[in-house]
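In short: position in the sequence shown from 1, add 82, done, that's my numbering. Beta carbons are placed, not taken as given, at the ideal position from N, Cα and C, and that holds for glycine.
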Amino acid sequence: MSDTYFNDHYTSQSYVNRPRVVTLERSDTYLAVSLAVKQGKKDEEGRPATTQQLDCNVVGTQAKAMVEALIEYLESFPEGESVIVSATSKAGDIQPGHSYTAKRGKNQGKTITPLRGRLIALTHVYVNGERFREDLDGNDESHAQQDEPVTESVQQAVEPANGESQAQQPDAESLAKEVKLSKDDPDFMAKKEQLKSLGYRWNPNSTSWVLSENVQTQQSAAA
């Protein structure tokens with residue numbers, strides 16, 4: 083019996099929607115993403131004539147690292163803010179999914195048959211037109227295990243200069259400009275939410291939380 087298989091890979095330019103962690107009661111947790119594969123002629127602004135929905139389980143090592151980084155980064159945006167993510171995607175095992183009737187949007191009333199597949203790679207990612215984590219475009223499996231090293235705790239970041247603790251939100255001038263967390267910290271999620279509430283944004287290039295320009299401007303004005 084042969085142990086050789088034919089590879090049927092589907093490489094495309096896609097919009098990347100809903101990168102997520104899926105948790106089922108009786109199954110292992112896995113990563114998933116919904117792609118809108120660009121098709122047809124470009125318009126003057128570079129937008130495709132149409133898109134094909136492709137829902138994928140993320141299986142490739144490189145793809146997992148990139149999707150995990152995207153999830154982390156997109157969580158730093160304010161809720162409701164428009165974010166456009168585009169990338170080169172490679173998927174396999176493409177099959178038609180269950181058809182449904184669209185209830186809203188430009189396809190309202192139309193029957194939609196999404197495709198389903200397994201995402202092998204996600205490279206050349208752009209978020210709102212800016213290149214995202216080019217270092218994750220390779221196939222190095224170590225990327226999937228990267229954590230944010232601790233260089234300063236959240237408590238240090240928000241601690242007033244005189245060392246006295248305060249119950250209220252700290253003044254802008256008392257905040258550190260950059261903070262790194264460790265995902266091994268049991269309070270990681272709480273600290274991340276605290277940083278976001280203080281005006282920090284995730285910087286994927288430095289893999290750290292950086293104080294927003296508006297807050298830094300307040301610091302300069304108060305100095």
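Discussion item. If you reduce the DSSP assignment to three classes, tell me which class Lys123 lands in.
Written reply: The answer is coil: DSSP assigns Lys123 none of H, G, I, E or B.
Worksheet item: According to DSSP, is Glu150 helix, strand or coil?
Response: helix
Worksheet entry | Simplified DSSP assignment, three categories, for Gln276 | helix
Worksheet item: DSSP three-state call for Ala173: helix, strand or coil?
Response: strand
Worksheet item: The beta strand (DSSP E) spanning His180 covers which residue range?
Response: Premise fails: His180 is in no beta strand (DSSP E) and is neither H nor E.
Worksheet item: Since Val104 and Leu201 are thought to touch, with beta carbons under 8 Å apart, how far apart are those beta carbons, to the nearest angstrom?
Response: Going by Cβ atoms, the distance from Val104 to Leu201 rounds to 13 Å, so no, they are not a contact pair.
Worksheet item: Quick one: Cα of Ala258 to Cα of Lys124, how far?
Response: 45 Å
Worksheet item: Between which two residues does the beta strand (DSSP E) carrying Gln135 extend?
Response: 132-140
Worksheet entry | Other residues of its chain near Tyr182: CB distance less than 7 Å, five sequence neighbours each side excluded | If we look at Tyr182 and ignore the five residues flanking it on each side, its Cβ neighbours are Ile194.
Discussion item. Please tell me whether Ala145 and Ala203 are closer than 8 Å, where the distance is taken between their beta carbons.
Written reply: yes
Worksheet item: Which residue from Thr111, Ser116, Leu197, Glu107 puts its Cα closest to that of Val98?
Response: Ser116
Discussion item. According to DSSP, is Thr143 part of a helix, a strand, or is it coil?
Written reply: helix
Item to complete: With DSSP collapsed to three states, give me the class of Arg198.
Response: strand
Item to complete: Would you tell me roughly how many angstroms separate the C-alpha atoms of Ser294 and Leu156, rounded to the nearest one?
Response: 15 Å
Item to complete: Using a threshold of 8 Å, state whether the C-beta atoms of Val207 and Val167 are closer than that.
Response: yes
Worksheet item: Using the beta-carbon count (16 or more within 10 Å), is Asp269 buried or exposed?
Response: exposed
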